[in-house]
Amino acid sequence: QVQLVESGGGLVQPGGSLRLSCLASGFNISKYVMNWYRQAPGKERILVANSFSSSGPTNYDDSVKGRFTISRDDTKNTVYLQMNSLKPEDTAVYYCMAIFLRHYWGQGTQVTVSS
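All letters in the sequence shown, in the order written, are residues 245 to 359 by the numbering used here.
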């Protein structure tokens, strides 16, 4: 059974950090482009960051450049999103998505940045 399970979300104060994890099962992520999306209330889902391979390029939305880092450990079938200097506008549900010949989505994890 193919599954992506995100974890690591929660409530954090502005300026704080969180590390999201996305564990894949039922397929090997090594050939997949791994993506983190987010969707804030009342807004469209946007691509935050992606990783083309373990040694390949990464891309970031301008709003998170310099603050977020995507990484992956193909041996653990896991992709991460390290989020530093969090802002209230980073509040959203964060989704993991894998794409190669097919695409798979996780169920999302809530991140709330508030004092």
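Cβ atoms here follow ideal geometry from the backbone N, Cα and C, with glycine treated the same way. Source: prediction; values computed, not measured.
Between the C-alpha atoms of residue 256 and residue 262 there is a straight-line separation of about 8 Å. Take residue 267, set aside five residues on each side of it, and the residues of its chain with a beta-carbon closer than 6 Å to its own are 249 and 322, in chain order.
With a cut-off of 8 Å on Cβ pairs, the region 312–321 is not in contact with the region 350–359, counting fewer than three such pairs. With a threshold of 16 other beta carbon atoms within 10 Å, residue 343 falls short and is exposed. Assignment of residue 274 by DSSP, reduced to helix, strand and coil, places it in the helix class. Residue burial is scored here from C-beta neighbours: residue 291 has fewer than 16 other C-beta atoms within 10 angstroms and is therefore classed as exposed. Counted as a single uninterrupted DSSP element, the stretch harbouring residue 319 is not any beta strand (DSSP E), since DSSP gives it neither H nor E. A straight-line Cα-Cα distance of about 5 Å links residue 259 and residue 330.
When DSSP states are grouped into helix, strand and coil, residue 288 belongs to the coil group. For residue 300 and residue 346, the gap between their C-alpha atoms comes out near 20 Å. When DSSP assignments are scanned along the region 308–355, no uninterrupted stretch of alpha helix (DSSP H) that is 4 or more residues long falls wholly within it.
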